[in-house]
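Protein chains in written order, with the working numbering: chain S, 1 to 278; chain G, 1001 to 1358.
One structure below.
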């Protein structure tokens, strides 16, 4: 094909697209990191473990967000079904519900929505999770007192003890405690920037059939940014901590490093420091 | 008539070859005999024309050249895929050992270098094999560029990346006359439009595939684009039409079987019936319209989907209660029926052409 003026113009546009796309992205990064961060807090390996190398031949390292929620049961801690995601809250987030939590016919199921989630670090929600683990143990012990010969109850008690130990030493202390559509309103309500993080997340309606009618409940599907890239300068430090303190088999995993995480004006995070965790 | 594209040049060369063959037969059967002067004049004109076309468009003048060209096209395509995959894996293999600034500089520079190579190839090589190869590698580098910059700086995923990739793929496709890149641009652009349609309905953009109706605006837009003149670019209009039909028929096929995922607030059965009727009507119209306009790709796509709609309906109605031999007999008889109908349409089209020629 003989190159023409049109071909030259197309290439010129190609260069312009490359330049514009890259400069827009880098400007967005700079905007996010400029000024006072929206939140700065130290998280630990419990909340940010190294993401498994899922992709073969990928030399990059990322830390994965691990977060939990308090469920509606009095001993329940879940990873998707928070008790505060009620019918009223779902409607506030923009879901249309026919009556209460009823979704009506299955075809009325609505698609997921991106909202803003509030994650609380090492606060009342975590203390409640600890209390729930202790309450679960108390229930097991009551059941054993009522049926002393039941071996399955003994095993359940062991599990409950392990759960308490895991809550104290290795489980994430990051809890999703609220959601909204306006991040500024959420920040006003949760103003402590070293305890509360506001992040984008996806909420979905999950249908379930009970009796003759189909009902739906809200579930947190995922965080929009669910892992954080580790730059080379921090990667070497994390690698060293991880190599030094490998846990033995059957040993409760302890925390080996802490990560100073900053969230910018666009609620996008970056690693601002790494230290050894005692 | 001015010749503007390689396709038109190749068609003219094929026409000349066919003319020479036909002239030989006619002369052997003594229907017409050119005198030596006329013969020399025609031969000279054809030789000059072929030389000019070969110089301008690098076309294949003989059958052997055509075979070699096909081999080169396949090799160029495989080479492009191999190089693109190699760039992708090479970066993933080593990026963890690079500082953030180095990573960003490499990511930004790679597509720039690719674009320079593509531009050089378009200017220096008329056949276009190398320009297509470099163009594909450049597009992969650009996808890697935005995707990994997003990951390095922990940015929120956005559908706008799909739009930027689509625009870049379109620019490369038109600059290098590459249909593969056009297909990539169409797919990326259709994904962006569908994601936008999902966002306008208040949904999270990544969920766009869960409601097939999100693809319908993209189908309409692609069909409109196919109506714009594409004479300089070989097969571009046909590719737009095929993707427009696929983006229409596939969602309709899904909705005609699973009405519950539609946006329409009607009972499920009515939604399915509505989409079944739409599927039959539009695929039928596509066959007729394709025959009238001389668009074989529209006829074939319409035909394939008409058959699919028909067979899924047969399956719904009869698979459970009919003996299998009867079911497959009906399938076979329907195929014969469709064959007869198409044969009649072919004859009709032939008659129209004859009348037009008269």
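Ideal Cβ positions, reconstructed from N, Cα and C, are used throughout, including at glycine.
All figures in this text were calculated on a predicted structure; none of them were measured in a lab.
Rounded to whole angstroms, the Cβ separation of residue 236(S) and residue 1155(G) is 24 Å, and the two are not in contact under 8 Å. In this structure residue 1175(G) does not touch residue 1136(G) by the C-beta definition: roughly 13 Å separates them, more than the 8 Å allowed. Look at residue 1036(G): its C-beta is not under 7 Å from any C-beta on chain S. Closest in alpha carbon position to residue 1046(G), among 1075(G), 1012(G), 1033(G) and 1064(G), is 1012(G). Contact annotation for residue 270(S) against chain G: 1153 and 1154 [CB-CB distance below 8 Å, chain order]. DSSP, reduced to helix, strand and coil, places residue 68(S) within a strand of the structure shown.
For residue 269(S), the enclosing beta strand (DSSP E) has its first and last residue at 269-276. For residue 92(S), not one C-beta of chain G is nearer than 7 Å to its own C-beta. Only residues of its own chain outside the window of five on either side were considered, and among them 95, 96 and 205 have a CB closer than 7 Å to the CB of residue 110(S), listed in chain order. Taking a 10 Å sphere around the C-beta of residue 194(S), we find fewer than 16 other C-beta atoms and assign the residue as exposed. Interface annotation, residue 82(S): not in contact with chain G, CB-CB separation never under 7 Å. DSSP places residue 221(S) in the strand class (E or B) of the three-state scheme.
Residue state for residue 30(S) is assigned as helix, using DSSP reduced to three classes.
The straight-line gap separating the alpha-carbon atoms of residue 1335(G) and residue 1294(G) is approximately 23 Å. Distance from the Cα of residue 180(S) is smallest, within the candidate group 66(S), 203(S), 164(S) and 158(S), for 203(S). The C-beta of residue 1108(G) comes closer than 7 Å to at least one C-beta of chain S. Classified as buried, residue 22(S) has 16 or more neighbouring CB atoms from the shown chains inside 10 Å of its CB. One Cα belongs to residue 126(S), the other to residue 174(S), and the distance between them is close to 7 Å.
Cβ-Cβ separation between residue 201(S) and residue 224(S): approximately 6 Å, consistent with a contact (criterion under 8 Å). At a Cβ-Cβ threshold of 7 Å, residue 1246(G) and residue 1218(G) do not count as neighbours. Between residue 68(S) and residue 172(S), the C-beta gap is smaller than 7 Å, which places the two residues in contact. For residue 1243(G), same chain residues with a beta-carbon under 6 Å away, outside a window of 5 residues either side, are 1186 and 1222 in chain order. Ranked by Cα distance from residue 1333(G), the options 1310(G), 1321(G), 1345(G) and 1316(G) are led by 1310(G).
Cβ contact annotation for residue 267(S) (same chain, cutoff 7 Å, sequence separation greater than five): 38, 183, 198, 199 and 200, in chain order.
Annotation: residue 1228(G) has no Cβ neighbours in chain S at a cutoff of 8 Å; minimum Cβ distance is about 14 Å. If you look at residue 1200(G), you'll find it in the alpha helix (DSSP H) that goes 1179-1200.
Taking the Cβ atoms as the reference, residue 255(S) lies roughly 5 Å from residue 46(S), within the contact range of under 8 Å.
Per DSSP, residue 1233(G) lies in no beta strand (DSSP E) segment and is marked neither H nor E. Scanning chain G for C-beta atoms nearer than 7 Å to the C-beta of residue 148(S) yields nothing, as the closest lies near 52 Å away. Considering only beta carbons, the part of the segment 1086-1105 of chain G lying closer than 9 Å to chain S consists of 1089, 1092, 1093, 1094, 1095, 1096, 1097, 1098, 1099, 1100, 1102, 1103 and 1104, in chain order. Nearest neighbour of residue 1263(G) by Cα position, chosen from 1214(G), 1064(G), 1250(G) and 1096(G), turns out to be 1214(G). Scanning its chain for C-beta atoms nearer than 7 Å, with the 5 sequence neighbours on each side dropped, one finds around residue 1297(G) the residues 1238, 1241 and 1242, in chain order. Listed along chain S is no residue with a C-beta nearer than 8 Å to that of residue 1076(G); the closest approach is about 14 Å. By the rule that beta-carbons nearer than 7 Å mark a contact, residue 18(S) touches chain G. Close to residue 1167(G), with beta-carbon spacing below 7 Å, are these residues of chain S in chain order: 17. In the three-state reduction of the DSSP assignment, residue 227(S) falls in the strand class, which pools E and B.
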